[in-house]
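>
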């Protein structure tokens, strides 16, 4: 099976800085055509997206207003204990 026929790798990128989020999404999608990146600008928005979409991975900023990345990770783990989660700062 070629890369064109493979299922997309669904990535949720959560960061409160929209310009950085968009740049990261663009970079990931250029790096690998299989990546399909959705962006959320807060932990709450990320949780909303997770409730409605099956993702293969979450990439999240640590420093966000309202709920930091570790708190977001803990909440995600309650519903999605096996979902790969990358936390950066």
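Residue numbers (the numbering used here): 20 to 108. Note that the Cβ used here is the ideal one computed from N, Cα and C, for glycine as well. Since this is a predicted model, take the numbers as computed values, not measurements.
By Cβ distance, which residues of its chain are closer than 8 Å to residue 63, with the 5 residues on each side in sequence left out?
85, 86
> What does a CB cutoff of less than 7 Å around residue 13 pick up in its chain, not counting 5 residues either side in sequence?
Missing from the structure shown is residue 13; the chain here goes from 20 to 108 and no further.
> By DSSP, does residue 41 sit in helix, in strand, or in coil?
helix
> Could I get the ranges of all uninterrupted beta strand (DSSP E) runs contained in the region 31 to 95, with 3 residues as the minimum, in chain order?
54 to 59, 76 to 80
> Take the Cβ of residue 107 as the centre, count every other Cβ of all protein chains shown within 10 Å, and call the residue buried at 16 or more, exposed below.
exposed
> To the nearest angstrom, report how far apart residue 49 and residue 93 are at their CA atoms.
30 Å
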